[in-house]
Amino acid sequence: NAGVTQTPKFRILKIGQSMTLQCTQDMNHNYMYWYRQDPGMGLKLIYYSVGAGITDKGEVPNGYNVSRSTTEDFPLRLELAAPSQTSVYFCASSYHSGTGNGYTFGSGTRLTVV
Amino acid sequence: AQRVTQPEKLLSVFKGAPVELKCNYSYSGSPELFWYVQYSRQRLQLLLRHISRESIKGFTADLNKGETSFHLKKPFAQEEDSAMYYCAPEPSGNTGKLIFGQGTTLQVKP
């Protein structure tokens with residue numbers, strides 16, 4: 001049981017480049033999330049999805065895009081990388097509310113934009 | 115919206131001292147609350163949940179509806195408890211939107 005898998009673990013991008021951060025879960029969770037974590041700061045919600053085909057903006061969506069074509073996958077796209085997007089990105093998933101099971105997080109992607 | 119507040123960004127204690135990490139929530143109803151922990155350079159992991167009333171690694175948390183709080187406590191801190199701690203509610207059944215508090219860094223000094 002892999003849980004939530006994020007790839008890549010590390011990446012260095014040049015300003016203006018684009019990339020996709022991959023997130024896959026094998027627990028049949030319907031809720032999925034993308035967060036960024038900056039040094040000394042908490043988690044900021046970028047985008048989230050309550051099921052396949054449904055996505056919505058979080059607190060800091062500018063500069064990012066997502067899609068949810070399947071229950072398992074929730075990729076995060078950076079189109080024109082900027083230094084302000086240097087951060088650690090975490091993907092998470094959960095069942096619907098009421099189960100008391102909480103969320104499962106991926107191991108993170110450390111992104112540096114230079 | 116379901117929101118939680120962690121008023122302390124950093125909490126520094128000596129080994130063996132009691133620890134209390136504060137969490138307040140600002141919505142009504144019967145909240146389902148969790149504490150998550152993130153050790154250095156690791157993923158977040160669930161520490162404990164309100165519904166199970168469990169004690170994990172010596173930590174406990176009691177939901178106080180009168181004070182709208184869910185503080186995390188441990189009577190004797192250990193150096194290995196040094197980490198970042200997040201309080202969070204369960205996703206709303208309507209939107210699934212999950213907003214974390216800013217987190218509290220616990221530093222346990224030898």
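Chain order of the listed sequences is A and B.
Mapping of the first sequence onto our numbering: residues 1 to 114, in sequence order.
Mapping of the second sequence onto our numbering: residues 115 to 224, in sequence order.
Glycine is no exception: its CB is placed at the ideal position from the N, C-alpha and C atoms.
None of these values were measured; they are calculated from a predicted model.
Taking the alpha carbon of residue i as the point to measure from, which residue in the options has its own alpha carbon closest?
| i | options | result |
| --- | --- | --- |
| A52(A) | A92(A), G3(A), T70(A) and N28(A) | T70(A) |
| Y89(A) | I15(A), V114(A), L45(A) and D26(A) | L45(A) |
| F105(A) | D56(A), G16(A), W34(A) and V66(A) | W34(A) |
| R11(A) | Y31(A), A2(A) and Q22(A) | Q22(A) |
| A81(A) | S107(A), A2(A), V4(A) and M19(A) | M19(A) |
| K187(B) | S169(B), R117(B) and I213(B) | S169(B) |
| E193(B) | I213(B), K171(B), F214(B) and T119(B) | K171(B) |
For residue i, does the count of other Cβ atoms within 10 angstroms reach 16, so buried, or fall short, so exposed?
| i | result |
| --- | --- |
| K123(B) | exposed |
| K203(B) | Per the sequence shown, the amino acid found at residue 203(B) is Pro instead of Lys. P203(B) is buried by the Cβ-count criterion. |
| K179(B) | exposed |
| Q156(B) | exposed |
| S49(A) | buried |
| A131(B) | exposed |
| D195(B) | buried |
| K14(A) | exposed |
| A2(A) | exposed |
Using a threshold of 8 Å, state whether the C-beta atoms of residue i and residue j are closer than that.
| i | j | result |
| --- | --- | --- |
| L161(B) | Y153(B) | no |
| R36(A) | T55(A) | no |
| Q17(A) | T109(A) | no |
| G58(A) | Q216(B) | no |
Could you name the residues of the same chain whose beta carbon sits closer than 7 Å to that of residue i, not counting the 5 residues immediately before and after it, in chain order?
| i | result |
| --- | --- |
| F184(B) | C137, Y139, L147, H164, A175, L177 and C201 |
| T86(A) | L111, T112 and V113 |
| E72(A) | T24, Q25 and D26 |
| G63(A) | L78, A82 and Q85 |
With respect to the beta strand (DSSP E) encompassing residue i, which residues constitute its N-terminal and C-terminal limits?
| i | result |
| --- | --- |
| Q159(B) | Q159 to R163 |
| D56(A) | I54 to K57 |
| P203(B) | A197 to P203 |
| R155(B) | Note, R155(B): premise wrong, no beta strand (DSSP E); not H, not E. |
| E134(B) | V133 to L135 |
| Q17(A) | Q17(A) -> no beta strand (DSSP E), and no H or E assigned at all. |
| V60(A) | Taken as a continuous stretch (DSSP letters only), V60(A) belongs to no beta strand (DSSP E), as it is neither H nor E. |
| K44(A) | L43 to G51 |
| Y181(A) | Because chain A here runs from 1 to 114, residue 181(A) falls outside it and cannot be looked at. |
| R167(B) | No beta strand (DSSP E) contains R167(B), which DSSP labels as neither H nor E. |
| K223(B) | T218 to K223 |
| K188(B) | L186 to K188 |
Can you give me the Cβ contacts of residue i inside the same chain, cut-off strictly under 8 Å, excluding the 5 residues immediately before and after it?
| i | result |
| --- | --- |
| A197(B) | V151, Q152, Y153, S154, T219 and L220 |
| G102(A) | S94 |
| L158(B) | Y150, V151, Q152 and Y200 |
| A191(B) | V127, F128, K129, G130, A131, P132, V133, L220 and V222 |
| V60(A) | R36, K44, L45 and I46 |
For residue i, collect the residues of the same chain with a Cβ closer than 6 Å to its Cβ; drop the 5 residues on either side in sequence, then sort them by chain order.
| i | result |
| --- | --- |
| K223(B) | F128 |
| V66(A) | Y47, T55 and L76 |
| G83(A) | Rather than Gly, the amino acid found at residue 83(A) in this sequence is Pro. Once the five neighbours on either side are set aside, the close Cβ partners of P83(A) are V113. |
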